[in-house]
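Mapped onto my numbering, the consecutive letters of the sequence shown carry residue numbers 6 to 373.
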Amino acid sequence: MPPCRTLCILTTLLGNKPTAMRLMEALQGLEWIEPTFVLVTMDDYKTHPAPLWAKLSNAWEARSVARRKVGPLLGQQFDALLVNCWEYVVEFQDLARRLPAAALMDAVPANVNTQLIHRSQGGWRRSLAHWLQDGPFKRAARHFRFFLPTGSDTIASLERDYGIPRERCFATLQPQDLNVWAPVPHVYSRPLRLLFVGNDFLRKGGDFLLRLYAEHLSDDFVLTIASRDPGLERRPLPKGVTWLRDRDRDQLIEVYRAADLFILPTQQDFMPQVLAEALSTGVPCMANDVGGIRDMVRDGETGFLIPPDASMEAWAERLRYLSSHPGELSRMAANARRFAEANLGMDRFRGLVSNVMQRLCGGERNGL
């Protein structure tokens, strides 16, 4: 039987690049798949610019740029379609009507809207944007056979808000190369070393973290921030805070390994890549309970989950407890790595992708 010619339209924006790369790796390892990859990068917003009307909405612009980049391929013959964000589900539903299609994604319009409501953001503009996006996604999703949601929050929304049966969903997290993202022997000493990694500093709770550190933690902790967010230039950093502006992959791994605890007071998130990286390197995590974070941060096991409306005092109390109980940190660190080995390895992800693609390509094949 000839290989399954699969058109893979993958965004690399907004933290999607690592998962897109690992999805490519998994597909390239399947001999019976002949993938054609279309990677949408930030440069494509210049080389394939969206019309002015599409720039009124980030989602519309993302869809338009992807459509323009994919356009030259639409005369070719394909047997299956794979995309990696909800915006592409909407944009390429015309292809999904004719080809078996699947989508990997960390969010859908409904849970994006829920988090924005919780943050009291957007007002009537948010309501209008949701109305313009939710219905089209619901109609488009019916044409996709399978979904690979990264997290239980997105699975629940697909079922509750869009009527997608659970048997069409194949849950994944954020796969990692566990041979690369691996721990080293660790000794805990005071002051404890906190680590924050994230480029969208404000949304990830960076300002909250700086205030928390300055008002409650500076005597017993040091804090490292790894971020390319230029807004940090304008923020006064308290004594004891180190800002790492640019680190390549190998350097970032060493930054994780040096940390005692990863901290992420994020205000809006779904399945943060940085938590998977921390757990893989054996670093316990403390994070707000939003999106699918609870799928990785198991409260009291791999770290601590904090209610998103918790006070600074609540955060400080948990952190001081860990500072006084290094044995708890050691236990959570071991649990973190065990969790990663059981749930985040590439072998597991390859098996999941293979399973979905076998189901997707097993039926009658059609061309564009």
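We put the beta carbon where it would ideally sit given N, CA and C, even for glycine.
* Asked: Can you tell me whether DSSP reads T286 as helix, strand or coil?
  -> coil
* Does the pairing of the segment 203-223 with the segment 241-252 give three or more beta-carbon distances under 8 Å? -> yes
* Coil, strand or helix - R370 by DSSP -> Bear in mind that the predicted position of R370 carries a pLDDT of just 41, short of 50, making it too unreliable to give a figure here.
* Is it the case that the Cβ atoms of D265 and V288 are separated by a distance below 9 Å? -> yes
* Other residues of its chain near L215: CB distance less than 8 Å, five sequence neighbours each side excluded -> R240, L242, P243 and V246
* Asked: Buried or exposed: where does R102 fall if 16 or more other Cβ atoms within 10 Å of its Cβ makes it buried?
  -> exposed
* To do: Would you mind giving the Cβ-Cβ distance between Q273 and Q120, rounded to the nearest angstrom? I have them listed as a contact below 8 Å.
  => 5 Å
* **N-terminal and C-terminal residue of the beta strand (DSSP E) that L197 is part of** => L197 to V202
* **CA-to-CA distance, D84 to G372, given in whole angstroms** => Per-residue confidence for G372 stands at a pLDDT of 43, beneath the threshold of 50, marking its modelled position as unreliable; the derived number appears in the next sentence. If you take the alpha carbons of G372 and D84, they lie about 6 Å apart.
* Whose C-beta lies closer than 7 Å to the C-beta of D182 among residues of the same chain, with five residues either side of it excluded? -> M351
* Roughly how many angstroms lie between the CA atoms of L153 and I38, to the nearest whole one? -> 18 Å
* To do: May I have the straight-line CA-CA distance separating P312 from F142, to the nearest angstrom?
  => 29 Å
* Relative to the C-alpha of P8, which residue among T41, N21 and L18 is closest? -> T41
* To do: Would you check if the segment 197-213 and the segment 282-296 touch, i.e. whether three or more CB-CB distances between them fall below 8 Å?
  => yes
* Asked: Can you round the beta-carbon distance between L100 and L86 to whole angstroms, since I take them to be within the 8 Å contact cut?
  -> 5 Å
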